[in-house]
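The structure appears right after this line, and notes come after that.
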Amino acid sequence: MFHIGCKQILRVVKTVDFGVYLGENEDASMEERVLLPKKQVPEGIEIGDELEVFLYRDSSDRMIATTNDPMLTLGEVKELKVVSVGKIGAFLDWGLEKDLFLPYKEQTRRVKENDPCLVALYVDKSGRLCGTMKIYHYLKTSSPYVIGDQVKGTVYEISGNFGVFVAVDDQYSGLIPKKEAQADYKVGQKLDLRVTEVKEDGKLNLSAREKAYLQIEVDAENVLQAIDEYAGVLPFDDKASPELIQREMGLSKAAFKRAVGHLIKEKKIEIKDRKIWRK
Numbered sequence: 002m003f004h005i006g007c008k009q010i011l012r013v014v015k016t017v018d019f020g021v022y023l024g025e026n027e028d029a030s031m032e033e034r035v036l037l038p039k040k041q042v043p044e045g046i047e048i049g050d051e052l053e054v055f056l057y058r059d060s061s062d063r064m065i066a067t068t069n070d071p072m073l074t075l076g077e078v079k080e081l082k083v084v085s086v087g088k089i090g091a092f093l094d095w096g097l098e099k100d101l102f103l104p105y106k107e108q109t110r111r112v113k114e115n116d117p118c119l120v121a122l123y124v125d126k127s128g129r130l131c132g133t134m135k136i137y138h139y140l141k142t143s144s145p146y147v148i149g150d151q152v153k154g155t156v157y158e159i160s161g162n163f164g165v166f167v168a169v170d171d172q173y174s175g176l177i178p179k180k181e182a183q184a185d186y187k188v189g190q191k192l193d194l195r196v197t198e199v200k201e202d203g204k205l206n207l208s209a210r211e212k213a214y215l216q217i218e219v220d221a222e223n224v225l226q227a228i229d230e231y232a233g234v235l236p237f238d239d240k241a242s243p244e245l246i247q248r249e250m251g252l253s254k255a256a257f258k259r260a261v262g263h264l265i266k267e268k269k270i271e272i273k274d275r276k277i278w279r280k
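Going by our numbering, the first residue of the sequence shown is number 2, and it counts up by one from there.
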């Protein structure tokens, strides 16, 4: 049986002017053979020899073998580069003669030529190989990380309900929960993150913020900068709505209250008339 999108070892069953036909055994019928084009055939190859090949479909939609190594196979997630954008989708360089098609419906953001793009490989309803940026179900849940570890990841999807989905090391499943996702994230963005939880299913919860006692200094400095931008008086205090604080400061209400309390203790600010004044 042929496995499109995968590497497999097949046997040379027939030679022709334009290449060799491969099958699982020498008795393979025409329906059980696949062509390896002549320019791909290693020198000195003979009937009965075995070759490791990758199977995909050519520009005429025929099953074909190649001895070239694709950058991506079924079950993998890799970052590929966009080589062109058409009316129905984009095309990615994956190391083969025929570029990999990325349909618009499989994009989590609109991509442009030369964009890096984190994708998985899948077989569509017509049996063709395509790329998808919707990689949630393709990511692994067996990471080596524990709570407190620093990791690197790529944002691949943003959900208003759940938060920011991140591919840790571009292969493990991670999430910045909605309450932690305070910044303006973008699909494709590279992040340095901290593991805050390893869930029972192996998925990682993440934070872009340091532990509270380390982050407070950074947040306090950001509050002071905001006060300066408002000419020394911030027109709301730490009792403002979480939505206002998030919109104006990019902080959760809890983080904002911690930073304000820290600055009051250091006598750098004071609160009066529901406003924050710099001393």
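Positions of the beta carbon are idealized from the N, C-alpha and C atoms, including for glycine.
**Prompt:** Is the closest heavy atom of the ligand GTP to the C-beta of Asp62 under 6 Å?
**Reply:** You won't find the ligand GTP in this model; it holds no ligand whatsoever.
**Asked** Is Gly132 near Leu103, with beta carbons less than 7 Å apart?
**Response** At the C-beta level, Gly132 and Leu103 come within 7 Å of one another.
**Asked** Do Thr155 and Leu205 have their C-beta atoms closer together than 7 Å?
**Response** No. Outside cutoff.
**Message:** With H, G and I counted as helix, E and B as strand and the rest as coil, what does DSSP make of Arg34?
**Reply:** DSSP places Arg34 in coil when its eight states are reduced to three.
**Asked** Arg129 and Asp62 look like a contact to me (Cβ under 8 Å); what is the Cβ gap, rounded to whole Å?
**Response** Confirmed, Cβ separation roughly 7 Å.
**Asked** Do the region 216-223 and the region 248-264 meet, that is, are 3 or more Cβ pairs less than 8 Å apart?
**Response** Enough Cβ pairs lie closer than 8 Å, so yes.
**Prompt:** CB-CB under 7 Å to Gly49, same chain, minus the five flanking residues each way: which ones, in chain order?
**Reply:** If we look at Gly49 and ignore the five residues flanking it on each side, its Cβ neighbours are Arg12, Val13 and Glu27.
**Request:** Provide the residue(s) that pair with Lys9 in DSSP beta bridges, ordered along the chain.
**Result:** The amino acid occupying residue 9 in the given sequence is Gln; Lys does not appear at that position. According to DSSP, which records beta bridges pairwise, Gln9 is partnered with Val54.
**Message:** Going by the DSSP bridge assignment, what does Arg259 pair with across the sheet?
**Reply:** DSSP lists no partner for Arg259.
**Prompt:** So does the region 74-92 actually touch the region 30-49, counting three or more Cβ pairs closer than 8 Å?
**Reply:** Taking a cut-off of 8 Å on C-beta distances, the region 74-92 does not touch the region 30-49, as fewer than three cross pairs fall below it.
**Request:** State the DSSP-derived secondary structure class of Val147, mapped to helix, strand or coil.
**Result:** For Val147, the secondary structure class from DSSP, reduced to helix, strand or coil, is coil.
**Message:** Taking only three categories from DSSP, how would you classify Met64?
**Reply:** The three-state reading of DSSP puts Met64 in strand, counting E and B together.
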